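K.L.:
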Amino acid sequence: MIRRLALLLAWLTVLAARAGEVQVAAAANLGPAVQQIAAAFARDTGHQAVVALGSTGKFHAQIRNGAPFEVLLAADAETPRRLEAEGLARAGTRFTYAIGRLVLWSNQEGVVDAGGEILRQPPAGKLAVADPRVAPYGAAALATLASLGVLPAWQPHLVQGESIAQAYQFVASGNARIGFVALSQVAQQGRIARGSGWLVPANHHAPLTQDAVLLSPGATNPAASAFLIYLRGNAARAILRNAGYTF
Numbered sequence: 014m015i016r017r018l019a020l021l022l023a024w025l026t027v028l029a030a031r032a033g034e035v036q037v038a039a040a041a042n043l044g045p046a047v048q049q050i051a052a053a054f055a056r057d058t059g060h061q062a063v064v065a066l067g068s069t070g071k072f073h074a075q076i077r078n079g080a081p082f083e084v085l086l087a088a089d090a091e092t093p094r095r096l097e098a099e100g101l102a103r104a105g106t107r108f109t110y111a112i113g114r115l116v117l118w119s120n121q122e123g124v125v126d127a128g129g130e131i132l133r134q135p136p137a138g139k140l141a142v143a144d145p146r147v148a149p150y151g152a153a154a155l156a157t158l159a160s161l162g163v164l165p166a167w168q169p170h171l172v173q174g175e176s177i178a179q180a181y182q183f184v185a186s187g188n189a190r191i192g193f194v195a196l197s198q199v200a201q202q203g204r205i206a207r208g209s210g211w212l213v214p215a216n217h218h219a220p221l222t223q224d225a226v227l228l229s230p231g232a233t234n235p236a237a238s239a240f241l242i243y244l245r246g247n248a249a250r251a252i253l254r255n256a257g258y259t260f
C-alpha cells in the first residue's frame, strides 16, 4: 500500500510539473464562451488559462507597451497581423478561430423588430455602441448605421462603451434603450435567446473575422501553444458555435 501511494504521489508530481499556465488576452465579445473554453482546456489538458477580457485596440496598446500576455484572441484579423509585422507575435501562428455577428438588441421583448426598422424611425432613447476606435464591433455598428443612411439621425443619441461588454451593460441595465452587441452576448444555441433583437445582415459592415495569435512572451510556453491547438479543436468549436459564432 505504501509503495502504491508513493508511486501515485510521484505520478501526480510529474503531472503537476508538466501542467502550465497561459496568459490570454481575449476580445470582450467572447465573454462567457472563452471562460467555458478555459475551463474545458483545464479539464482536458491540466493547463490553466488565465483570461483577461477587453477591447482589441486596448490590448494592442498594452502588448506594445510590454504587457505579458502570451496569446491574443482578437475581435478582428488586422490587430494580430499588425502584431506579427511589429515583431510582437510569432509569424505563422495566426489563424481565424471564429467569425462573429452583430445584433441590434433590447433587453425587453417587442422593442427591436426582426428587420431593424426601429433604426429608420425617429430616435427614442439612447443607442449603445462600443468605441469604434478600439472595438471592431463598435466600428461595425457605425458602419451599419451609415449603410442604412441613419447615422446623422442617431449620432446625438449614441452612448459609447469602452468595449462591446460595456455597450451590452448599458442596454442590460436600462441605461440605453437599445444597443449594438455581439450575438455571443445574447445567444443560446446560436440564436438570440432573450429580449428582442435584429441580427444585422453581414453586408452592412466589414466581416467580423476574429483571429488568434501566439504572442512573443508565449513562444517558449508549452501551455500557450497547447491553448491555441485546443482552440482549433472540436470541444472549443462546439462552445463557440453555441455562442453564435461561425467558422
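The sequence shown stops at residue 260 when you use the numbering used here, and every number in between is there. Ideal Cβ placement from N, Cα and C applies to all residues, glycine included. Since the model is a prediction, treat every value here as computed from it, not as a measurement.
In chain order, what residues of the same chain lie with their CB nearer than 6 Å to the CB of Ala256, ignoring the 5 residues before and after it?
P.N.:
Here the set comprises Ala46, Ser197 and Ala200.
K.L.:
Which one of Pro220, Arg56 and Thr157 has the shortest CA to CA distance from Leu117?
P.N.:
It is Thr157.
K.L.:
Quick one: residues in its chain with C-beta nearer than 6 Å to the C-beta of Glu83, no 5 flanking neighbours on either side, listed in chain order?
P.N.:
The residues are Val35, Gln36, Leu228, Pro230, Gly231, Asn234 and Ala237.
K.L.:
For Leu66, name the three-state secondary structure that DSSP assigns.
P.N.:
Looking at Leu66 - three-state DSSP - the assignment turns out to be strand.
K.L.:
At which residue ranges does the region 33-99 contain complete alpha helix (DSSP H) runs of 4 or more residues, listed in the order of the chain?
P.N.:
DSSP runs (the alpha helix (DSSP H)) wholly in the region 33-99: 44-58, 69-77 and 91-98.
K.L.:
Just how far apart, CA to CA, sit Tyr243 and Phe54?
P.N.:
Those two C-alpha atoms are separated by around 7 Å.
K.L.:
Please name the residue in Phe240, Thr222, Trp211 and Ala239 whose C-alpha comes closest to that of Asp126.
P.N.:
That would be Trp211, whose Cα lies nearest to the Cα of Asp126.
K.L.:
Ala185 bridges to which residues according to DSSP?
P.N.:
Ala185 is not bridged to any residue.
K.L.:
Give the straight-line distance between the Cα atoms of Ile50 and Ala159, rounded to the nearest whole angstrom.
P.N.:
Their Cα atoms are separated by approximately 35 Å.
K.L.:
What residue from Leu86, Ala219, Val184 and Ile252 has the CA that sits closest to Ala225's CA?
P.N.:
The shortest Cα separation from Ala225 among Leu86, Ala219, Val184 and Ile252 belongs to Leu86.
K.L.:
State the DSSP-derived secondary structure class of Pro145, mapped to helix, strand or coil.
P.N.:
Three-state DSSP puts Pro145 in coil, outside helix and strand.
K.L.:
Which residues in the same chain as His73 place their Cβ atom closer than 6 Å to its Cβ, once the five residues preceding and following it in sequence are excluded?
P.N.:
Only Thr92 meet the Cβ criterion.
K.L.:
Do Leu253 and Tyr150 have their CB atoms nearer than 9 Å?
P.N.:
Against a cut-off of 9 Å, the Cβ pair of Tyr150 and Leu253 comes out as no contact.
K.L.:
Given a threshold of 16 other Cβ atoms within 10 Å of its Cβ, counted over all protein chains shown, does Asp144 qualify as buried or as exposed?
P.N.:
Classification for Asp144: buried.
K.L.:
Looking only at its own chain, which residues have a Cβ that is under 6 Å from the Cβ of Arg103, when we skip the five neighbours before and after it?
P.N.:
So the list reads Leu227 and Ala232, once near-sequence residues are dropped.
K.L.:
Are the CB atoms of Thr69 and Ala52 within a distance shorter than 9 Å?
P.N.:
No, the pair does not count as a contact, with Cβ atoms beyond the cut-off.
K.L.:
Check whether the Cβ atoms of Leu115 and Ala154 lie closer than 9 Å to each other.
P.N.:
Yes, they are a contact pair.
K.L.:
Please report the residue range of the alpha helix (DSSP H) in which Val264 lies.
P.N.:
One cannot answer for residue 264 here, as it falls past the ends of the chain, which runs 14 to 260.
K.L.:
Counting only the same chain and skipping the five closest in sequence on each side, list residues whose C-beta sits under 8 Å from that of Gln121.
P.N.:
Around Gln121: Gly208 and Ser209.
K.L.:
Quick one: grab the DSSP three-state call for Tyr258.
P.N.:
Here Tyr258 sits in coil by DSSP.
K.L.:
Comparing alpha-carbon positions, which option in Val163, Glu97 and Gly138 lies nearest Val184?
P.N.:
Closest by alpha carbon: Gly138.
K.L.:
Using DSSP with H/G/I as helix, E/B as strand and the rest coil, what is Thr222?
P.N.:
Reduced to three states, the DSSP call for Thr222 is strand.
K.L.:
Just tell me which of Ala249, Ala65, Ala148 and Ile112 has its CA closest to the CA of Arg56.
P.N.:
Among Ala249, Ala65, Ala148 and Ile112, the Cα nearest to that of Arg56 belongs to Ala249.
K.L.:
Indicate the three-state DSSP secondary structure (helix, strand or coil) for Thr109 in the structure shown.
P.N.:
Looking at Thr109 - three-state DSSP - the assignment turns out to be strand.
K.L.:
What residues are listed by DSSP as bridge partners for Gly210?
P.N.:
Paired residue(s): Trp118.
K.L.:
Write down the C-beta distance between Gly113 and Ala195 rounded to the nearest angstrom, noting that I regard them as a contact closer than 8 Å.
P.N.:
Indeed, because the Cβ distance is near 6 Å, the residues count as touching under 8 Å.
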